[in-house]
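Residue numbers (my numbering): 3 to 464.
We put the CB at the ideal spot given by N, CA and C, even for glycine.
What follows is a short report on a single structure.
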Ligand code: ARG
C-alpha cells in the first residue's frame, strides 16, 4: 500500500506514505473536531497578530482571517467535512483554508506549531466548559436551597450506619448537599485560573525566532496571561487533570445523593416519589417504576474516575516537552465534560419534580428509638453525669425492645422509678419535632439553624 507520494502537510522529508490503517491509528480528527470552533478562533487571533507585527504582509493576514471567518460560519452551519488523511483538526482546517484561499493559507502556520495550537484549543474549550459547569451547578444549588426552604419543617430520620440515629429536618439534609456542590463549584472556579493561560507562541517547544506578540494573542483570545515557559506551555495538562479530579469529586457527591434518592423511592422507605418524567418502566414487570436516571448518574461516576486515572497514567513519567501520548488527553476530557453537564441537569430536574412524602418521613421517626439521646440529654441537663444518663437510657431501651414499645410509650410511673429528675414534660421532649427544634447549636438541624443556612445560601447565590 505504501507509495512514495506524500501529500501530508508535513510530507516534505518523507518518501513513502502511511498505510491507511496506520494513519487511522495516529489520527485524532474523529474526536478533536469537537474543538473546531476554538481552533478557528485561535487561528484568527494568531493571524491577526502576524499581520499587526508585520511578520506576514497585512493583506495576506486579512485574506487568511477572512477565510478563517468563513470557515467558522460554515462550521456553525454544519457544512465542513473533515478527512482522516488530514490527521487532526489543525491540519484539516489548514487544508480547508488552502482549498478556499489558495497557497497564501500556508502563511498561517508561521511562528506556530500544532503543539502550542492544540494546547491553546484545549484551554479555550475547557474555559468555555468550566463556565457552563459553574452555571449549571448554580442552578442545582438553587434547586436544593428552594427544596430545603420548603422542607425546613419536614422531619425525617437522620442516619448513622444507615440506622435511625436522631430525627432531623429534611431541609437540613438537603443543605448538606448544597454545601458539597458549593465546594465543587469553588473547585471549578479555581480550575479556571489554570485554564485561563495562553500557550500560543510557545511554538513546538522553545519559542520562535519571529518577533511575535504573545500579549496581543493572549488578549485577543481573552486569556488572563501567557504561559511564562514555552516547555511548560506545550506539555502542561494540569488544568485538565484538575478538571477531571474536580469532576470526579462532583460525581462522587452526585452518586451519594442519587443513592439516597434510590433508597428513598424504594418500598422500604417510601420517602419520595419520582416524577414519571424522570422514571422508567420494566419490559416484563408491569408495576415497575424505576429510578434509572439516579442509577445512571451513580453509575457514570465510574467513567469519570476512569478518565482521571487514564490521564494521570498518560502523564506519568512523560518527558518534556510534547509527545504524541498527549493526544490521549482529549477523549476523557470531552467525555467528562459531556457527562457532568447532563448529569447536573438531570439531578436538578429530578429533585425539582419529585414528590416528598413528608408525612410518611416524619412518621418513620415515631416508631423508633431515635429520641433516646433526648432522654439522656434531659437527664444530663438536670445534672446527672452524661455517662450515667446514657447507661440508664440504654437499659430502658433494652427493656422497651423486649416489651415491644418505645420510649414515648413508657408509663410516667416507670419514668419516676427510673429517676426522680424525670417530669411530665418528658413526653414533649421525646417528640421528634421537639428534638429537631431544640438542636439549635450553630450548624445543627434546629429549624432556626436551617433557616439561617437557607438565608446564607440564597445570599451566596445572588
Ligand atoms: N493531534 C495532536 C494532539 O492532539 C496535535 C499535536 C500534534 N503535534 C505533533 N508534534 N505531532 O496532540
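- Setting aside the 5 residues that flank it on each side, residue 87 is surrounded in the same chain by 25, each with a C-beta closer than 7 angstroms to its C-beta; the list follows chain order.
- Counting C-beta pairs with one atom in each stretch, the stretch 375-382 and the stretch 432-440 have three or more that are closer than 8 angstroms, which means they touch.
- Pairing residue 328 with residue 149, the inter-Cα distance amounts to about 44 angstroms.
- In this structure, the alpha-carbon of residue 54 lies about 26 angstroms from that of residue 91.
- When DSSP states are grouped into helix, strand and coil, residue 166 belongs to the strand group.
- DSSP places residue 155 outside both helix and strand once states are collapsed to three, so it counts as coil.
- Taking non-hydrogen atoms of ligand 1 into account, the C-beta of residue 326 is found less than 7 angstroms away from one of them.
- Within the stretch 209-258, the runs of alpha helix (DSSP H) that reach at least 4 residues and sit entirely inside it are, in chain order, 216-222, 232-237.
- As a beta-bridge residue in DSSP terms, residue 160 pairs with 168.
- For a cut-off of 8 angstroms, the C-beta gap from residue 239 to residue 317 is around 6 angstroms, short enough to register as a contact.
- Our two residues, residue 408 and residue 401, have alpha carbons roughly 9 angstroms apart in a direct line.
- Taking a cut-off of 8 angstroms on C-beta distances, the stretch 439-448 does not touch the stretch 133-150, as fewer than three cross pairs fall below it.
- Judged by beta-carbon spacing, residue 157 lies within the 8 angstroms limit of residue 364, meaning their Cβ atoms are closer than that value.
- By the neighbour-count criterion, in which a residue is buried when 16 or more other Cβ atoms sit within 10 angstroms of its Cβ, residue 96 is buried.
- Collapsing the DSSP output to three states places residue 403 in a helix.
- By the Cβ test, the stretch 122-132 is not in contact with the stretch 54-69, since fewer than three Cβ pairs between them sit closer than 8 angstroms.
- Contact between the stretch 352-359 and the stretch 261-280 is established, with three or more Cβ pairs separated by less than 8 angstroms.
- With contacts defined as CB atoms closer than 8 angstroms, residue 58 and residue 112 qualify as a contacting pair.
- Membership of residue 380 in the alpha helix (DSSP H) is indicated by the continuous run 374-383.
- Within the same chain, and ignoring the five residues on either side of residue 391 in sequence, the residues whose Cβ sits closer than 7 angstroms to its Cβ are 378, 381, 382.
- By the neighbour-count criterion, in which a residue is buried when 16 or more other Cβ atoms sit within 10 angstroms of its Cβ, residue 89 is buried.
- Taking the Cα positions, residue 69 is about 22 angstroms away from residue 9.
- Inter-residue distance for residue 75 and residue 83 is about 13 angstroms (C-alpha atoms, whole angstroms).
- Taking a 10 Å sphere around the C-beta of residue 411, we find fewer than 16 other C-beta atoms and assign the residue as exposed.
- No Cβ-Cβ contact shorter than 8 angstroms links residue 224 with residue 214.
- One thing to note: residue 300 has its Cβ within 8 angstroms of the Cβ of residue 261.
- Judged by beta-carbon spacing, residue 146 lies beyond the 8 angstroms limit of residue 298, meaning their Cβ atoms are not closer than that value.
- The three-state secondary structure of residue 199, taken from DSSP, is strand.
- Residue 66: member of the alpha helix (DSSP H) spanning 60-78, first to last residue.
- Residue 396 and residue 173 have their C-alpha atoms some 30 angstroms from each other.
- Judged by pairs of C-beta atoms under 8 angstroms, the stretch 335-343 touches the stretch 235-255, as three or more such pairs exist.
- Between residue 32 and residue 15, the alpha-carbon positions lie close to 26 angstroms from each other.
- Residue 94 has its Cβ no nearer than 7 angstroms to any heavy atom of ligand 1.
- Taking a 10 Å sphere around the C-beta of residue 372, we find 16 or more other C-beta atoms and assign the residue as buried.
- With contacts defined as CB atoms closer than 8 angstroms, residue 292 and residue 285 fail to qualify as a contacting pair.
- In this model, residue 169 and residue 367 are separated by some 6 angstroms (Cα to Cα).
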